[in-house]
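K.L.:
Yeah, the sequence shown ends on 437 if you go by this note's numbering, and it's all consecutive.
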Amino acid sequence: MEISSGFLPTGSLLDALIHVSIEVASMEKLPFVQIRNVSTLIRRVKLLSSLFEEIQEEDNSLPPSSILCLTELFSVIRRVKLLIQGCKDGSSLWGLMQVELISNQFYMLVKEMGKALDVLPLSLLKVTVDIREQVELLHKQAKRVELFIDPQDLQRREELLQENAVTALSNLSIFDNRILIMAAGAVNNIMEVLESEQTMAARENAAAAIFSLSILDDCKVTIGACPRVIPALVGLLREGTPIGKKDAATALFNLAVYNPNKVSIVFSGAVPLLQGCSEGLEETKKSRVLMPLLIDLLRFGSAKGKENSITLLLGLRKEEGELVARRLLANPRSIPSLQSLTADGSLRARRKADALLRLLNKCCSQSHNSI
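1. Could you check whether the stretch 161 to 171 touches the stretch 213 to 221, counting it as contact only if at least three pairs of C-beta atoms, one from each stretch, sit closer than 8 Å?
2. When the distance is taken between beta carbons, is Pro-75 closer than 7 Å to Cys-153?
3. Can you tell me where the alpha helix (DSSP H) holding Lys-95 begins and where it ends?
4. Leaving out five residues before and five after Lys-181 in sequence, what residues of the same chain have Cβ atoms less than 8 Å from its Cβ?
5. Roughly how far, in whole angstroms, is the beta-carbon of Leu-404 from the beta-carbon of Ala-419, given that I think they are within contact range, below 8 Å?
6. Using the three-state DSSP reduction, which class does Phe-214 fall into: helix, strand or coil?
7. Would you mind giving the Cβ-Cβ distance between Val-232 and Ala-268, rounded to the nearest angstrom? I have them listed as a contact below 8 Å.
8. Does the contact criterion of 3 or more C-beta pairs under 8 Å hold for the stretch 247 to 260 versus the stretch 282 to 289?
9. Going by beta carbon distance, what residues of the same chain come within less than 7 Å of Val-146, once the five residues before and after it are set aside?
10. Sort Ser-239, Tyr-324, Arg-399 and Cys-430 by Cα distance to Ala-272 and report the nearest one.
11. Can you give me the C-alpha to C-alpha distance between Ile-69 and Phe-140, rounded to a whole angstrom?
12. Distance check for Arg-109 and Gln-200, CA to CA, integer angstroms please.
13. Where Ile-437 and Ser-431 are concerned, what is the direct C-alpha to C-alpha distance, given to the nearest angstrom?
14. Please report whether the beta-carbon of Pro-402 lies at a distance below 7 Å from any beta-carbon of chain D.
15. Mind reading off the beta-carbon distance from Ser-131 to Val-185? Whole number of angstroms is fine, and I expect it under 8 Å.
16. Ile-84 to Leu-113, Cα distance in whole Å?
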């Protein structure tokens with residue numbers, strides 16, 4: 067083959083073109099972003115690779131304009147390889163944040179490919195009719211190509227940004243930050259994520275943020291006044307993952323402390339869903355460590371903790387009957403703790419402790435009579 071002045075030897079140039087084209091064509095695993103731009107450009111390079119192979123097989127002298135075209139195409143295809151590799155190896159978040167810029171880089175490479183083909187004298191090259199027609203079509207398409215920004219990439223970016231933003235709000239919603247977040251009007255935005263069809267992780271983080279914000283009494287009122295928050299939490303309770311359901315349930319529990327919110331929670335259908343948590347109830351029944359923990363909570367917990375403990379103990383006693391009663395009676399600390407609660411607990415806790423003591427007394431009487 068002849069040597070082209072100022073350029074790589076023709077043989078070396080064709081070898082390099084075929085090699086880099088094969089490298090691009092072998093990139094089978096597409097990146098998370100720019101899927102359409104990447105796959106389209108790979109198809110174009112594959113087509114050009116067939117052209118390079120046919121030119122190499124002919125082993126004839128090439129017109130100077132062909133050498134110029136091939137040299138430019140070599141530069142373009144090398145940059146195609148680097149751009150695709152960058153999309154594959156880079157951070158998905160960064161790729162989504164830069165989606166417009168990267169899409170423009172793909173667009174410019176296709177335009178440069180079209181400009182390089184402007185000087186390719188196809189009529190002077192001994193290639194098959196099929197290859198000639200395909201290259202001509204590629205040339206026309208490259209000349210009229212338009213910038214393409216994938217709507218799916220934009221949607222993924224929106225979802226990812228929402229997920230990260232609501233996660234940050236959830237992490238920041240501690241102590242005085244809750245007041246700042248509420249003052250910034252974040253509830254409506256968090257609610258939009260919660261009721262959207264975005265990723266489940268984003269919805270779970272939104273529920274966790276509402277749970278954290280609703281710890282403050284004033285926030286319970288403000289959040290409950292937003293008519294779409296409670297139905298959205300109930301929706302997550304219905305269809306979420308175990309983590310999502312837990313976040314939704316704890317948020318609803320917090321909101322229910324403010325009495326007017328209870329009506330909305332009931333009307334939104336939370337009660338049947340909570341009653342249907344049979345798996346959790348079964349695990350609670352089977353637990354051997356739960357009873358001592360609840361009794362310790364009766365002895366040493368806060369007023370609210372003691373009330374929650376007696377509520378669960380009473381519910382388990384009514385659900386499981388004699389089994390729970392025997393476990394309570396077998397623990398020497400249970401009766402003194404319940405008696406102490408009837409004297410020193412809140413009104414609600416006193417009533418429930420008294421009811422549980424009566425049930426335990428009834429169980430003892432039945433056992434004695436059976437003997």
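Yeah, the Cβ is synthetic: ideal placement off N, Cα and C, and Gly gets one too. Model, not experiment: these values are computed from the prediction.
P.N.:
The answer reads as follows:
1. yes
2. no
3. Neither: Lys-95 is in no alpha helix (DSSP H) and is coded neither H nor E.
4. Glu-138
5. 5 Å
6. coil
7. 6 Å
8. yes
9. Val-90, Leu-107, Val-111 and Leu-175
10. Ser-239
11. Since pLDDT at Ile-69 reaches only 37, below the 50 mark, its modelled position is unreliable, and the value read off the structure follows with that caveat. The straight-line gap from Cα to Cα measures roughly 17 Å.
12. 11 Å
13. The predicted model places Ile-437 with a pLDDT of 47, which falls under 50 and marks its position as unreliable, so this point remains unresolved.
14. Given the protein chain composition of this structure (a single chain), no chain D is represented.
15. 5 Å
16. 11 Å
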